[in-house]
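In this note's numbering, the protein residues as written are 1 to 128.
From the three backbone atoms N, C-alpha and C, an ideal C-beta is built for every residue, glycine too.
Since the structure comes first, as structure tokens, the remarks are kept for the end.
Written out as structure tokens, the structure reads:
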């Protein structure tokens with residue numbers, strides 16, 4: 001699935017900053033980004049109230065200081081959990097990244113192609 005992302009919240013408090021749009025590749029075994037790749041170890045499917053998506057257990061890190069909107073003091077973050085979430089009837093996809101201690105590290109906002117998430121979830125369900 002292609003994830004078109006152009007907003008980041010470095011501190012996880014809803015203070016999103018814009019950057020030049022990137023395309024991330026959400027595969028069934030790996031998530032590839034310009035800032036590092038995350039190997040998918042497991043996936044849990046989320047359907048809680050208005051939120052739908054996938055919670056991944058991953059291994060890898062994202063280099064946060066190479067985003068164009070970075071202040072230069074953000075470091076590489078080792079990511080253990082990544083949640084990909086959408087609210088129904090909403091075009092935006094949010095990605096929430098957590099470290100090994102389940103602390104929020106960084107959040108992203110973007111969108112997918114038409115029916116991208118639905119097709120991606122179906123592909124994941126064949127494996128996980």
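Residue 44 classed as buried or exposed, judged by whether at least 16 other C-beta atoms fall within 10 angstroms
By the neighbour-count rule (16 or more Cβ atoms within 10 Å), residue 44 is not buried but exposed.
What three-state label does DSSP hand residue 31 in the structure shown?
Residue 31 falls in the strand class under three-state DSSP.
With DSSP as the reference, label residue 128 as helix, strand or coil.
DSSP places residue 128 in coil when its eight states are reduced to three.
Report the rounded CA-to-CA distance for residue 68 versus residue 52, giving the unit in angstroms.
The alpha-carbon separation between residue 68 and residue 52 amounts to approximately 30 angstroms.
Please report how far the alpha carbon of residue 117 lies from the alpha carbon of residue 57, in whole angstroms.
Each residue's Cα considered, the two are about 18 angstroms apart.
If you reduce the DSSP assignment to three classes, tell me which class residue 121 lands in.
Residue state, collapsed to three classes: helix.
Please classify residue 74 as buried or exposed, where buried requires at least 16 other C-beta atoms within 10 Å of its C-beta.
Counting other Cβ atoms within 10 Å of its Cβ, residue 74 reaches 16 or more and is therefore classed as buried.
Selected residue, minimal CA-CA separation from residue 65, among 102, 42, 106:
Nearest option by C-alpha distance: 106.
Residue environment, residue 24, which counts as buried when at least 16 other CB atoms sit within 10 Å
So residue 24 ends up on the buried side.
Which same chain residues, not among the five before or five after residue 93, have their C-beta less than 8 angstroms away from its C-beta?
Within the same chain, residue 93 has close Cβ partners 3, 53, 84, 85, 86, 109, 110, 111, 112, 117.
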